[in-house]
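Residues -16 to 507 (our numbering) are what the sequence shown spells out, left to right. In this text, a Cβ means the ideal position worked out from N, Cα and C, and glycines have one as well. None of these values were measured; they are calculated from a predicted model. Below: the structure, in structure tokens.
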Amino acid sequence: MIVSGGGRFGLSSLYFIAAFSIFFLILDYTTGVILPIYYLIAMTLRLKFGSFTPESIFFNPTLRSRFSIVLILGTVFGILGSITINILIKHLSNLAFNDSKTGLPNSQKFKETFNDIINHCNLGVDQCVLVGIRIINLERIYANLGLYMGDKILLEIVKRLKFEQFKLLARWNESIFMGVFPASDILELEEKTKDLHKKLELNYEVEGISRSVQFILALSRYPNDGLSSDSIIKNVITLLVSKNKNHGDIIYFDEHKMQKEQYRFSLNDALITSNFDKDFSLVYQPKIRMSDRKCIGAEVLLRWRHTDLGLVSPEEFIPIAEEGGKIKRITRWVIETTFDNIHNNIVELNKYKIPISFAINLSVLDLKDPNTIPYINKMVRKYNINPKQIEFEVTESIQADQDPSIQNSLKTFHNMGFKIAIDDFGTGYSSLSYLHNLHVNNLKIDKSFVELINTGDKSVNYPVVDTIISLAQSMHLEVIAEGIETEEQFNYLKRRGCTTGQGWLFSKGIPLREFLTKLSGGPF
């Protein structure tokens, strides 16, 4: 059509201009440039050979000149538009798939490229290793040196990483890089990883400042540790963000450890979403006076039965609650529920001739929380609780924490009339002066020491147990032995002067109604 002069009247040129616009906007900008150039060349050739018919609008020289100018301008603007769009697309692509500070691929680009690498691996033949590199003290570097120097050190880290033989290197987030090593046997991999870690931890000299940077490296292998890119990445990320990873760690994926870590994550998520009133409950383990085996109180124990996870041991979820800062909420629930139960059953408790006290466990985080004491005061008033009915148990490890708020909280509890007991005594840090300053009332012998008592022979001694009892007596403290399961253990502890016992020999933790029933049933 172009060769024939644009139709009999030359009006088809308008269609070509429209086509140019359509192709440029919705089909392909390159085509949008080529079409007007092609048409311009055709026009030039036709003009040169003078082949327009009298009926054509291009037979008029003035119209031909004007149309040629319009076509030339359209072509020029089309080319400029195409170049601009091309630059813009590249810029947007760079923003979408590359880290702005380092120029490395970002997490999105890394996932796509790593997935391609995995897909092109011949299963059972090809292997690769994903290495996650986490900068432990990056936030502290930025806080101390500022944004400019922090970025400088970050770029120096990237330079060192680029010297390594990575098939793919990316910045996953602010403090984590991801690198893919080619296949290697485990010994070669260990050597390569140690060498990488050593190079990364050499001091960084930036503008006259020498700064040390600490790293954690986590590794997961394909296909040994997973059959998809997502599973390999998940393995590495989980290792990098796990708690209690020390500076200098090089961590290899381990399926068993990963299952335990995933279970911990599940517990953490479940704690966040749990309905305490529905999922949590309290049981009461009687504390027995050794002289006549009568109940003088109970330790309040928390039970958690989750819909999906089933019955979860406190030994499993309490440390996770402390790590995640959820222990305060749990403690408050235990305190209010206990106080409420005492208030609702005070008449029945008062019928018992011996005053009954209830022991509640407090975390170090509770003692450090300035809102704990006001909260307990509020609950005491709300439920009309006599502080002498309550004993707060804290673990021996608090003595190693030098935070003055801990000692202040315990002194305040003592002054308010609450009793203080040191739980698990003998398993950790012990300081006689600290015990005195805390105004402790009771020492609890840890069950690990009680378990060692396994004979009825009166000539056999257990030095640790004997020492704790003697210490308590010399400081005029009550001593409680927990974990008593046999008559031999009971008799030995009674002979040595232990005043109170607790354990399955007498009773496991039981619901409140059962505990109240047993109170009136005589000696345990």
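- Short of 6 Å from the beta carbon of Pro297, and not among the five residues preceding or following it, lie these beta carbons of its own chain, in chain order: Leu285.
- Taking Ala455 as reference, the option from Val141, Ser431 and Leu426 with the minimal CA-CA separation is Leu426.
- Within the segment 295 to 346, the complete beta strand (DSSP E) runs of at least 3 residues fall at 340 to 344.
- DSSP places Ser158 in the coil class of the three-state scheme, outside both helix and strand.
- For Gly209, the closest alpha carbon among the candidates Leu499, Ser158, Pro494 and Cys111 is that of Cys111.
- In the DSSP annotation of this structure, the continuous segment of the alpha helix (DSSP H) that includes Arg364 starts and ends at Thr355 to Tyr366.
- With a beta-carbon spacing of about 6 Å, Leu151 and Thr96 fall inside the 8 Å limit used to define contacts.
- For Glu139, the closest of Trp155, Leu183, Asp262 and Ile119 by C-alpha to C-alpha distance is Leu183.
- Residue Lys175 holds the alpha-carbon nearest to the alpha-carbon of Ile233 among Phe396, Lys175 and Phe489.
- Residue pairing by DSSP puts Lys402 in a beta bridge opposite Glu374.
- Beta-bridge partners of Lys427 (DSSP): Ile463.
- DSSP lists Gly293 as the bridge partner or partners of His289.
- Annotated three-state conformation of Ser264 is strand, per DSSP.
- For Val141, DSSP assigns no beta-bridge partner whatsoever.
- Taken atom to atom, the span from the alpha-carbon of Asn474 to that of Thr355 is near 40 Å.
- Lys277 carries a strand assignment under DSSP once its states are collapsed to helix, strand and coil.
- Non-local beta-carbon contacts of Thr314 in its own chain, meaning distances under 7 Å to residues more than five positions away in sequence, involve Leu345, Ser346 and Asp349 in chain order.
- Taking C-beta atoms as the reference points, Asn424 and Ala404 count as a pair closer than 9 Å.
- Relative to the Cα of Phe198, the nearest Cα in the group Asp323, Tyr267, Ser453 and Leu121 belongs to Leu121.
- For Gln197, no alpha helix (DSSP H) encloses it, and the DSSP letter there is neither H nor E.
- Within the DSSP bridge table, the entry for Leu152 names Gly162 as partners.
- Distances from the alpha-carbon of Pro353 to those of Ala304, Asp323 and Phe396 put Phe396 closest.
- C-alpha of Glu190 to C-alpha of Phe146: approximately 22 Å in a straight line.
- Closest option to Ser453, judged by alpha-carbon separation, among Glu471, Gly480, Lys240 and Asn444: Gly480.
- The Cβ-Cβ distance between Phe375 and Phe401 falls below 9 Å.
- Rounded to whole angstroms, Phe164 and Phe149 show a C-alpha spacing of 5 Å.
- Closest option to Lys351, judged by alpha-carbon separation, among Trp287, Leu502 and Pro387: Pro387.
- As the crow flies, the alpha-carbon of Arg49 is around 11 Å from that of Leu56.
- Boundaries of the alpha helix (DSSP H) around Gln245: Glu238 to Thr256.
- Put simply, of Thr45, Gln485, Val443 and Ile216 the residue whose alpha carbon is nearest the alpha carbon of Ile279 is Gln485.
- Judged by their CB atoms, Ile467 and Trp487 are nearer to each other than the 9 Å cut-off.
- One thing to note: Ser212 has its Cβ no nearer than 9 Å to the Cβ of Ile116.
- In the DSSP assignment, the residues bridged to Ile116 are Phe160 and Leu200.
- Val141 and Asp291 have their C-alpha atoms roughly 44 Å apart.
- In the three-state scheme derived from DSSP, where H, G and I count as helix and E and B as strand, Phe146 is classed as coil.
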